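**Student:** Those sequence lines, one after another, are chains L and D. Count the first sequence with my numbering and you get residues 9 to 137, in order. Count the second sequence with my numbering and you get residues 9 to 137, in order.
2 protein chains.
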Amino acid sequence: MTLLDTVQYDANGLIPAIAQDHDTGDVLMMAWMNRESLEETVRTGRAVYWSRSRKRLWRKGEESGNVQLVKSVHLDCDSDVLLLKVDQVGGAACHTGHRSCFYRRVTDGGNGFTESNDIVFDPAAVYKK
Amino acid sequence: MTLLDTVQYDANGLIPAIAQDHDTGDVLMMAWMNRESLEETVRTGRAVYWSRSRKRLWRKGEESGNVQLVKSVHLDCDSDVLLLKVDQVGGAACHTGHRSCFYRRVTDGGNGFTESNDIVFDPAAVYKK
């Protein structure tokens with residue numbers, strides 16, 4: 009019985025996986041894993057998610073080159089959320105070119121928002137047809 | 009149209025919310041919010057989640073006293089995950105007494121695990137019947 013055997017997948021066979029920058033502590037993104045993607049992540053040391061929209065394994069960086077090198081994998085107390093500490097190659101986790109997907113912040117008691125200016129790359133140049 | 013109006017709730021009316029320590033950057037926990045809990049969180053500045061097991065609002069710390077004072081609320085690029093930066097009163101977010109719910113780490117290529125020793129309180133003393 010290993011820790012991975014205790015993972016609680018939801019009704020769709022998925023578990024949320026949070027990616028955090030190993031060095032800066034920035035929360036980069038949250039995506040979903042199924043058993044196969046989690047096992048490949050642990051085996052290869054590169055983050056692999058399950059794309060709910062494309063319904064297939066999503067090897068992070070397969071198109072952009074911005075792979076995530078996994079430094080450690082953590083499981084929460086209820087065994088239903090994963091935390092990955094990663095080195096984000098290319099510096100940006102978000103398909104928008106932002107370093108973190110959480111670049112929008114609620115302001116003014118919910119009535120406004122600001123965007124951080126942490127743009128690392130131009131999406132049009134990275135995601136070519 | 010505010011940022012909160014763009015939030016994409018899932019089929020159950022819920023969205024994942026990650027709580028991160030505002031000062032240390034530690035990822036403390038992930039829980040779920042519905043619209044009501046998100047609005048109360050933004051309005052009051054204290055984290056309120058939706059307890060899927062108890063099927064009611066869960067004002068974090070209502071029993072333990074370990075409330076989360078919300079410093080900022082962020083929404084991800086797909087508008088379907090929230091990130092809260094919080095001051096964790098009492099120092100521990102986890103009901104086990106650990107500072108973070110992610111206290112277990114996968115080791116040995118998935119065959120073992122370690123537990124961090126970041127115990128802040130004794131659960132038996134905090135959660136009285």
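Even for Gly, the Cβ is constructed at its ideal location relative to N, Cα and C. Note that the coordinates shown come from a computational prediction; the quantities given were computed from them, not determined experimentally.
1. Could you name the residues that DSSP lists as bridge partners for K93 (chain D)?
2. Counting along the chain, where does the alpha helix (DSSP H) carrying A39 (chain L) start and finish?
3. Using only alpha-carbon positions, find the residue among L:L65, L:I23 and L:V134 that is nearest to A100 (chain L).
4. Taking 8 angstroms as the threshold, find out whether the stretch 115-131 of chain L comes into contact with the stretch 16-29 of chain D through three or more Cβ pairs.
5. Any beta carbon of chain D sitting closer than 7 angstroms to that of P24 (chain L)?
6. Helix, strand or coil for L65 (chain D) per DSSP?
7. Shorter than 7 angstroms from the beta carbon of G118 (chain D) to some beta carbon of chain L?
8. If you run the structure through DSSP and keep just helix, strand and coil, what is R51 (chain L)?
9. Give me the Cα-Cα distance between E71 (chain D) and E71 (chain L), rounded to the nearest whole angstrom.
10. Looking at C-alpha atoms only, which residue of D:R62, D:D88, D:G33 and D:M41 is the closest neighbour of R54 (chain D)?
**Tutor:** Short version:
1. The partner list for K93 (chain D) (beta bridge, DSSP) reads D:Q28 and D:S80.
2. Careful: A39 (chain L) lies outside any alpha helix (DSSP H), inside the beta strand (DSSP E) at V35 to M41.
3. L:V134
4. no
5. yes
6. strand
7. yes
8. helix
9. 47 angstroms
10. Among D:R62, D:D88, D:G33 and D:M41, the Cα nearest to that of R54 (chain D) is on D:M41.
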